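Below is one structure, written out as structure tokens; comments come after it.
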Amino acid sequence: MALLFKSDLDRAGNWERSLKSCDPDLDLRVWPDAGDPNDIDYALVWQPPPGELRTYPNLKVIFSVGAGIDHLSSDPDLPEGVPIVRMVEPGLTAGMGEFVVMSALAHHRFMLDYAQQARAEVWEEISQISTARRRVGIMGLGVLGRGAAEKLAPFGFPLVGWSRSPKQVPGVACYHGQDGLKPFLAGCDILVCLLPLTAETRGILNAETLAAMPRGAAVINVARGGHLVEEDLLAALESGQISGATLDVFREEPLPKGHPFWQHPRVVLTPHIASMTIPETAAKAVMDNIQRFEAGQPLTDVVDLDRGY
Ligand code: NDP
Ligand code: OXD
């Protein structure tokens, strides 16, 4: 059984060590040294070159190093009939929860305003409001959205959520579908986007949806850059409809030099690091799934390519 591994983020070799510690006999091939393509049974990959996965004729399962699979589904030459498994592992969920809490608290406690004041050497208080008066909305109530809701709950923010199908999440007022979108947005003082990027969700953060939020709301996009119409956010920041944004993902990554977000006083940006797959915990999730598959049991976390996530 041979596993091909490809990620540009294994600078310390943690993945190799972690996979081997799950199964010391694992025949691990690290891309581009795949050896005989016929040997490869499984691939664990992040952003493989388009067409690459088709060159392994005996490939049984493709594992995504990330929770998102748009780096795979965008490949027009993906091998047909090979299941794709997205990453679900506790380290990734925990990291996202931390980032969302940090960002929500920063907007709640006016940190953008204080940063601007500090640059202008202004010493001025802004009245504090209770978290009970700051509603946080989470678009996408999947593994990461629900994980973020759990981490936000103890702070006392009223939580609302939006998903494709009806959901019941303890402590979260849940909306779903197109009909639920506007009522959901109307209750978001801080909006967190944790949707997968699909044909339905591309461009979902746009002039219309930003206008449907309460005036002065904040946006946290930790999903994909393709969810946000960047020009519409810039206009909404300009008009004051949106008071600030935390952006971790962008239409083009790395964010091009000279992009207006870089210097924008109402934008906090990070280089797609809201959360990271942690090799130690993720290797176990992948190897457990492979073991299940080899034992003839169903895989977990398989992507429905028709749905797009
Ligand atoms: P899941 O598949 O577990 O959850 C997706 C959620 O989105 C589900 O609740 C789903 O609804 C909802 N959804 C999908 N399509 C629609 C739609 N058209 N309308 C309304 N709701 C919809 O994904 P994860 O939580 O694991 O991950 C979410 C995304 O986070 C990833 O796809 C990735 O893009 C991003 N990500 C970003 C990272 C970063 O560092 N910036 C790190 C990791 C992930 P339903 O429940 O009804 O199916
Ligand atoms: C992911 C990511 O999808 O890191 O896991 O963006």
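Going by this note's numbering, the residue at position 48 of the sequence shown is 806; the numbering climbs one at a time, nothing skipped. Positions of the beta carbon are idealized from the N, C-alpha and C atoms, including for glycine. These numbers were taken from a predicted model, which means no experiment stands behind them.
In DSSP terms, what residue i is bridged to
i            : result
residue 1073 : As shown, the chain starts at 759 and ends at 1067. That puts residue 1073 outside it, with no answer to give.
residue 1004 : 978 and 1026
residue 798  : 760
residue 842  : 820
residue 927  : 930
residue 986  : 963
residue 803  : 764 and 822
residue 1060 : 843
Backbone CA spacing between residue i and residue j [nearest angstrom]
i            : j            : result
residue 839  : residue 1035 : 26 Å
residue 1069 : residue 956  : In the structure as shown, the chain starts at 759 and stops at 1067, and residue 1069 therefore has no counterpart that could be examined.
residue 930  : residue 895  : 9 Å
residue 910  : residue 949  : 13 Å
residue 951  : residue 905  : 13 Å
residue 991  : residue 941  : 20 Å
residue 781  : residue 774  : 11 Å
residue 807  : residue 819  : 17 Å
residue 862  : residue 869  : 10 Å
residue 1027 : residue 927  : 29 Å
residue 1050 : residue 805  : 25 Å
residue 1029 : residue 814  : 32 Å
residue 833  : residue 821  : 15 Å
residue 962  : residue 1009 : 13 Å
residue 779  : residue 1052 : 19 Å
residue 793  : residue 947  : 53 Å
residue 816  : residue 847  : 26 Å
residue 873  : residue 1025 : 11 Å
Boundaries of the beta strand (DSSP E) in which residue i is found, first to last residue
i           : result
residue 934 : 930-934
residue 967 : Where residue 967 is concerned, there is no enclosing beta strand (DSSP E), although the alpha helix (DSSP H) it sits in stretches over 965-969.
residue 820 : 819-822
residue 787 : 785-788
Limits of the alpha helix (DSSP H) - the one that residue i falls within
i            : result
residue 872  : 869-877
residue 1052 : 1037-1052
residue 773  : 772-780
residue 828  : 828-831
Residue i at chain C interface by Cβ criterion, 8 Å
i            : result
residue 1054 : Absence of chain C from the displayed structure is noted, only one protein chain being present.
Legend entry - the stretch 851-871 contacting the stretch 971-984, beta-carbon criterion three pairs below 8 Å: yes
Inset, instruction - Decide yes or no for the touch test of the stretch 961-976 against the stretch 990-1005: beta carbon pairs closer than 8 Å, at least 3 of them. - result: Touching, yes.
Legend entry - Contact between the stretch 1009-1018 and the stretch 786-793 (3+ Cβ pairs under 8 Å): no
Legend entry - Residues surrounding the ligand OXD [beta-carbon distance to nearest heavy atom under 5 Å]: 824, 825 and 826
Inset, instruction - Check whether the stretch 819-828 touches the stretch 874-885, taking contact to mean three or more Cβ pairs, one atom from each stretch, closer than 8 Å. - result: No: the two stretches stay apart, fewer than three of their Cβ pairs being nearer than 8 Å.
Legend entry - the stretch 847-854 in contact with the stretch 923-941 per 3-pair CB rule at 8 Å: no
Legend entry - Inter-stretch contact (C-beta, 8 Å, three-pair minimum) for the stretch 883-899 and the stretch 912-921: yes
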